[in-house]
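Trainee: Right, I'll just put the structure down here and ask away after.
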Amino acid sequence: MGWFENMLKSEHLARAYLLCSALLSVAVLAYFCHWEVRAVTALIVNTLITGLLFGAWRRRGSSQWLASLRQEIMELAAGRVAVQNKEHHYPKEYIGLTEAVDKTAKLLKDMAGKAQLAAQQVSAAVEQMNMTIETAGQIAKDFTKVEEVAGSLADMSRKLRQETRENERSVATCLEEMGSARRAIEQADIDSTQVAEYVTTLDAAVGQIDVILTAIAEISDQTKLLALNASIEAARAGEHGRGFAVVAEEVKNLSEKTFSAVGDTVAILQSIRKEVEKVKSTAENDRRSIADGVKSTVNAEAVLTEIARAVSAISSAVEKSSEEIKDYLRQVGAAAEAQKENFGEISATGVRLQKAADMLEDVSGKVKLDVSAITGSAAHKEKIKRLLKVLRAESEKSRITSLDNKEHQQVLRELLSRQPELEAVWSNRMDGTFVFSEPPAGLANAKIRRWWQRAAAGEEYVSDIYLSAITKKLCLTISVPVRDIHGPVIGVLGADVRLND
Numbered sequence: 038m039g040w041f042e043n044m045l046k047s048e049h050l051a052r053a054y055l056l057c058s059a060l061l062s063v064a065v066l067a068y069f070c071h072w073e074v075r076a077v078t079a080l081i082v083n084t085l086i087t088g089l090l091f092g093a094w095r096r097r098g099s100s101q102w103l104a105s106l107r108q109e110i111m112e113l114a115a116g117r118v119a120v121q122n123k124e125h126h127y128p129k130e131y132i133g134l135t136e137a138v139d140k141t142a143k144l145l146k147d148m149a150g151k152a153q154l155a156a157q158q159v160s161a162a163v164e165q166m167n168m169t170i171e172t173a174g175q176i177a178k179d180f181t182k183v184e185e186v187a188g189s190l191a192d193m194s195r196k197l198r199q200e201t202r203e204n205e206r207s208v209a210t211c212l213e214e215m216g217s218a219r220r221a222i223e224q225a226d227i228d229s230t231q232v233a234e235y236v237t238t239l240d241a242a243v244g245q246i247d248v249i250l251t252a253i254a255e256i257s258d259q260t261k262l263l264a265l266n267a268s269i270e271a272a273r274a275g276e277h278g279r280g281f282a283v284v285a286e287e288v289k290n291l292s293e294k295t296f297s298a299v300g301d302t303v304a305i306l307q308s309i310r311k312e313v314e315k316v317k318s319t320a321e322n323d324r325r326s327i328a329d330g331v332k333s334t335v336n337a338e339a340v341l342t343e344i345a346r347a348v349s350a351i352s353s354a355v356e357k358s359s360e361e362i363k364d365y366l367r368q369v370g371a372a373a374e375a376q377k378e379n380f381g382e383i384s385a386t387g388v389r390l391q392k393a394a395d396m397l398e399d400v401s402g403k404v405k406l407d408v409s410a411i412t413g414s415a416a417h418k419e420k421i422k423r424l425l426k427v428l429r430a431e432s433e434k435s436r437i438t439s440l441d442n443k444e445h446q447q448v449l450r451e452l453l454s455r456q457p458e459l460e461a462v463w464s465n466r467m468d469g470t471f472v473f474s475e476p477p478a479g480l481a482n483a484k485i486r487r488w489w490q491r492a493a494a495g496e497e498y499v500s501d502i503y504l505s506a507i508t509k510k511l512c513l514t515i516s517v518p519v520r521d522i523h524g525p526v527i528g529v530l531g532a533d534v535r536l537n538d
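Below, the structure written as structure tokens:
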């Protein structure tokens with residue numbers, strides 16, 4: 038019997054090591070073949086329980102060790118994996134099993150971490166896709182508005198084209214009228230010149246008449262003098278000169294009438310000459326006015342010609358713009374249709390990504406990292422409290438409240454170099470856009486992130502522990518609001534904190 042028991046003991050130890058090796062091989066195979074987590078853990082548990090039952094048959098006295106080991110295996114089967122390795126105090130014959138359990142736990146922890154990281158990345162992609170869909174929807178609405186505006190622009194272009202054509206016709210008509218007016222004024226200038234010439238001729242004729250009247254007046258004076266002499270001679274002749282005296286008297290009377298008529302005629306001629314002078318002055322003024330009118334008409338005609346050229350150029354430009362607008366409308370219509378198709382594809386992609394995120398979340402949720410050893414420690418709590426205080430102090434600096442990119446770049450890089458426990462630091466505006474991020478942010482807008490939402494609402498935020506996409510190690514996110522001197526929140530300051538795993 039002793040020989041048989043020794044054989045069983047030796048055989049048991051060999052099988053135990055074989056089971057451990059098989060267990061590790063199954064875990065590695067499952068990891069690289071992407072088996073479902075529950076199937077992997079079920080196979081691992083069955084293998085371990087078989088090994089434990091075999092060991093229990095050999096050593097009934099080791100039930101305490103078996104119970105402890107069984108509890109660890111059941112923890113693994115339930116999907117609870119400690120992030121920190123446990124210290125084992127099992128007998129040396131259990132070393133193979135405990136190493137297998139530790140390797141299995143490490144493998145599950147790696148699988149859980151990678152699944153969690155993938156879920157986070159896909160979730161981030163889904164969030165970004167949702168923002169893209171929202172933006173695409175807004176773009177589609179904007180395209181609709183653009184189409185409406187473009188339609189209105191086309192209507193305005195048609196009206197403008199019609200108005201420019203009417204303006205062309207109006208300017209052409211105005212040019213014709215101005216040409217007629219210019220010709221009429223030029224004819225008036227010719228007529229005025231002729232009138233001036235006639236008046237000058239009349240003035241000269243009046244001058245000649247005046248000379249003739251002067252001569253007649255002189256003749257009348259001489260005749261009057263001769264009549265007087267004849268009367269004297271007739272008086273001397275007495276009875277014989279009476280007939281001659283009568284003739285002399287008649288000549289005298291005629292001479293006086295002639296002189297009187299000459300005087301009246303001179304007065305009339307003087308009046309005529311005054312009127313002629315007025316006519317000459319008026320005619321001269323009219324000539325100057327007409328000359329100015331002709332000059333102004335010519336200038337106006339030149340201006341109208343320039344206006345006609347400008348209107349013609351505008352009309353050509355409007356025609357060209359109308360064609361460009363038509364082409365633009367066609368392009369907008371095509372772009373709107375393409376945008377609608379893209380929107381449908383983006384929406385479908387978003388749905389597929391959401392399904393993938395849900396599947397990854399379901400897979401990662403089946404294996405939970407036990408971080409209670411970290412979160413429950415006083416050192417961890419003190420560390421987070423201290424870093425929140427540091428971040429809060431930074432948020433109160435004027436260089437941060439300025440929301441200036443260059444200032445934030447310098448301040449946050451200095452903060453990152455002073456605090457090695459921080460692996461990333463960033464700042465945001467109230468619209469979710471980043472002022473600065475070190476290292477560069479993987480998303481354009483943080484409004485979808487909980488750390489931004491809570492800090493933007495005026496709260497300090499500490500996230501759950503997760504696997505960092507930067508270092509692939511455990512970390513958490515903290516964020517604080519940035520306030521101006523009056524108290525309102527104007528931004529967000531956040532950081533990723535390294536954890537020892």
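Okay, so the sequence shown: first residue is 38 according to our numbering, each after it adds one. Glycine included, C-beta positions come from ideal geometry on N, C-alpha and C. Here the structure is a predicted model, which is why all the values come from computation and not from measurement.
1) Just verifying my parser: in three-state terms, what is the DSSP assignment at residue 494?
2) Start and end of the beta strand (DSSP E) containing residue 515?
3) Could you have a look at residue 505 and say whether DSSP puts it in helix, strand or coil?
4) Pull up the DSSP beta-bridge partners for residue 273, would you.
5) If we count the other Cβ atoms within 10 Å of its Cβ and call it buried at 16 or more, is residue 39 buried or exposed?
6) Return no unless some Cβ of chain C is closer than 9 Å to the Cβ of residue 311.
7) Could you tell me whether the stretch 339-358 touches the stretch 225-242, where touching means 3 or more Cβ pairs closer than 8 Å?
8) Work out the CA separation of residue 514 and residue 501 for me, nearest whole Å.
9) My output table needs one value for residue 323: the three-state DSSP class, helix, strand or coil.
10) Using the beta-carbon count (16 or more within 10 Å), is residue 528 buried or exposed?
11) Judging by CA-CA distance, which residue of 372, 316 and 496 is the nearest neighbour of residue 235?
12) Assuming residue 306 contacts residue 250 (C-beta within less than 8 Å), just tell me the rounded distance between them.
13) Give the C-beta separation of residue 219 and residue 303 to the nearest angstrom, bearing in mind that I take them to be a contact with Cβ-Cβ under 8 Å.
14) Rounded to the nearest angstrom, what separates residue 423 and residue 503 at their Cα positions?
15) For residue 261 and residue 242, I'd like the C-alpha separation in whole angstroms.
16) Which parts of the stretch 399-480 are runs of the alpha helix (DSSP H), unbroken and 4 residues or longer, counting only runs that do not cross its ends?
17) By DSSP's criteria, residue 198 is part of a beta bridge. Which residues make up the other side?
18) Quick check: the Cα distance between residue 311 and residue 265, rounded to an integer number of angstroms?
19) With distances taken from CA atoms, which of 421, 440, 468 and 471 is nearest residue 533?
20) Is residue 257 buried or exposed, if buried means 16 or more other CB atoms sit within 10 Å of its CB?
21) Within a Cβ cutoff of 7 Å, which residues of the same chain sit near residue 211, ignoring the five residues on either side of it in sequence?
22) Just verifying my parser: in three-state terms, what is the DSSP assignment at residue 552?
23) Suppose the cutoff is 7 Å on Cβ atoms and the five residues either side in sequence are ignored; what does the same chain contact list for residue 484 look like?
24) Helix, strand or coil for residue 524? Go by DSSP, reduced to three states.
25) When you compare only the Cα positions, how much space is there between residue 216 and residue 338?
26) According to the neighbour-count rule (16 or more other Cβ atoms, all chains shown, within 10 Å of its Cβ), is residue 451 buried or exposed?
27) From residue 322 to residue 328, what does the alpha carbon distance come to, in whole angstroms?
28) Looking at the structure shown, is residue 341 part of a helix, part of a strand, or coil, going by DSSP?
29) Rounded to a whole number of angstroms, what is the C-alpha to C-alpha distance between residue 350 and residue 213?
30) Could you have a look at residue 530 and say whether DSSP puts it in helix, strand or coil?
31) Could you check whether residue 440 and residue 492 sit closer than 9 Å to each other, using their CB atoms as the reference points?
32) Below 9 Å between beta carbons: does that hold for residue 535 and residue 512?
33) Which same chain residues, not among the five before or five after residue 518, have their C-beta less than 6 Å away from its C-beta?
34) Based on Cα-Cα distance, which residue from 471, 476 and 435 lies nearest to residue 454?
35) Given a threshold of 16 other Cβ atoms within 10 Å of its Cβ, counted over all protein chains shown, does residue 431 qualify as buried or as exposed?
36) Is residue 486 helix, strand or coil by DSSP?
Mentor: Answer, in terms of the structure:
1) coil
2) 511-520
3) coil
4) Its beta-bridge partners do not exist; DSSP assigns none.
5) Residue placement at residue 39 is poorly supported in this model, since its pLDDT is 42, which falls under 50; the coordinates are not used for a value here.
6) Going by chain labels, chain C is absent from the structure shown, which holds only one protein chain.
7) no
8) Cα to Cα, residue 501 sits roughly 8 Å from residue 514.
9) helix
10) Classification for residue 528: buried.
11) 316
12) 7 Å
13) Not confirmed; about 45 Å, so no contact.
14) 20 Å
15) 28 Å
16) 409-412, 415-432, 435-438 and 442-455
17) Its beta-bridge partners do not exist; DSSP assigns none.
18) Approximately 37 Å between the Cα atoms of the pair.
19) 421
20) buried
21) The residues 341, in chain order, have a CB closer than 7 Å to that of residue 211 in the same chain once the five nearest residues on each side in sequence are set aside.
22) Outside the displayed range of the chain (38 to 538) lies residue 552, so it cannot be described from this structure.
23) 469
24) coil
25) 7 Å
26) exposed
27) Their Cα atoms are separated by approximately 10 Å.
28) Helix, per DSSP.
29) The alpha-carbon atoms of residue 350 and residue 213 are separated by roughly 20 Å.
30) strand
31) Going by beta carbons, residue 492 and residue 440 fall outside the 9 Å limit.
32) yes
33) 492, 495 and 526
34) That would be 476, whose Cα lies nearest to the Cα of residue 454.
35) buried
36) coil
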